[in-house]
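To convert, note that position 120 of the sequence shown is 191 in this note's numbering; the numbers rise steadily by one, no gaps. Idealized CB from N, CA, C, for every residue including glycine. Structure record follows, encoded as structure tokens.
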Amino acid sequence: KLFYFVEYDARLKAMSAHPELMAVLSRLMDAQPVLSQDMALMKPPFIGSEKPWHQDQAYFNIPVGQTVVGVWIALDEALPENGCMYIIPGSHTEGPVIHFKRRDWQICDTEVASDHAIAVPLKPGGALFFHCLLHHGTPPSKSARRRRAVQFHYKPEEAPAITTEERMAVFGSEGKDVSC
Numbered sequence: 072k073l074f075y076f077v078e079y080d081a082r083l084k085a086m087s088a089h090p091e092l093m094a095v096l097s098r099l100m101d102a103q104p105v106l107s108q109d110m111a112l113m114k115p116p117f118i119g120s121e122k123p124w125h126q127d128q129a130y131f132n133i134p135v136g137q138t139v140v141g142v143w144i145a146l147d148e149a150l151p152e153n154g155c156m157y158i159i160p161g162s163h164t165e166g167p168v169i170h171f172k173r174r175d176w177q178i179c180d181t182e183v184a185s186d187h188a189i190a191v192p193l194k195p196g197g198a199l200f201f202h203c204l205l206h207h208g209t210p211p212s213k214s215a216r217r218r219r220a221v222q223f224h225y226k227p228e229e230a231p232a233i234t235t236e237e238r239m240a241v242f243g244s245e246g247k248d249v250s251c
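Put into structure tokens, the structure is as follows:
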């Protein structure tokens, strides 16, 4: 993973602030969105590891009542074989879930309705918009094809910050130094 790179590349900065993207985010959030995190996600062939079930908001010092939206954009074709995103539809309505440091900073596997999981395959340029309380993850790569994506997280412009201790009180005490 690479973090916080949009400031160094005009094309990526333009992508993260594209007017159509911002318009969709404004409607979803009912607020003025601001970019709070950017990541490049790379899953190499065969050895790309799993990202267990988690909620992205567990990584951010933003109050749970604020609508934080993730935008996952495929740069390569994302398929189940090379680690596309899996989601549990509607799980964001269940609120925050305690996370644990096991294979990663994750939701306990027994707390996830994985029998309701659906794969979200995407073509290059395809995007998944999701609430940051949505249970989601990616399996390991079992393919000879790489899977690259960029992910942006947006928060409301007026969203207050909380302390790490306040976040840990909601999502679990093992999350002091975790990063998405």
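Per DSSP, I189 forms a beta bridge with which residues?
I158
For P210, which three-state DSSP category applies?
coil
Please name the residue in M156, V95 and P104 whose C-alpha comes closest to that of P123.
Of the listed residues, the one whose Cα sits closest to P123 is M156.
Counting beta carbon pairs with one atom in the stretch 184-194 and one in the stretch 148-167, are three or more of them shorter than 8 angstroms?
yes
Report buried or exposed for F242, applying the criterion of at least 16 other Cβ atoms within 10 angstroms of its Cβ.
buried
Would you list the residues sitting across from M113 in a DSSP beta bridge?
R219
Could you give the first and the last residue of the continuous beta strand (DSSP E) run that contains A145?
V140 to A145
Is it buried or exposed, H202, if we count other Cβ atoms within 10 angstroms and call 16 or more buried?
buried
Does the stretch 103-116 come close enough to the stretch 218-231 to have 3 or more Cβ pairs within less than 8 angstroms?
Of all C-beta pairs linking the stretch 103-116 to the stretch 218-231, three or more are shorter than 8 angstroms, placing the two stretches in contact.
Is the stretch 83-101 touching the stretch 168-178 in the sense that three or more CB pairs, one from each, lie closer than 8 angstroms?
The stretch 168-178, when compared against the stretch 83-101, does not touch it at the 8 angstroms Cβ threshold.
My guess is that K226 and I158 are in contact by the Cβ rule of under 8 angstroms, so how many angstroms apart are they, rounded?
About 20 angstroms separates the two Cβ atoms, so there is no contact after all.
Would a C-beta distance cut-off of 9 angstroms place V142 and L92 closer than the cut-off?
yes
Identify, in the order they occur along the chain, each residue of the same chain with its Cβ nearer than 6 angstroms to the Cβ of H187, setting aside the five sequence neighbours on each side.
I159
Between the Cα of F200 and those of K213, H224, I178 and P210, spot the shortest distance and give me the residue it belongs to.
H224
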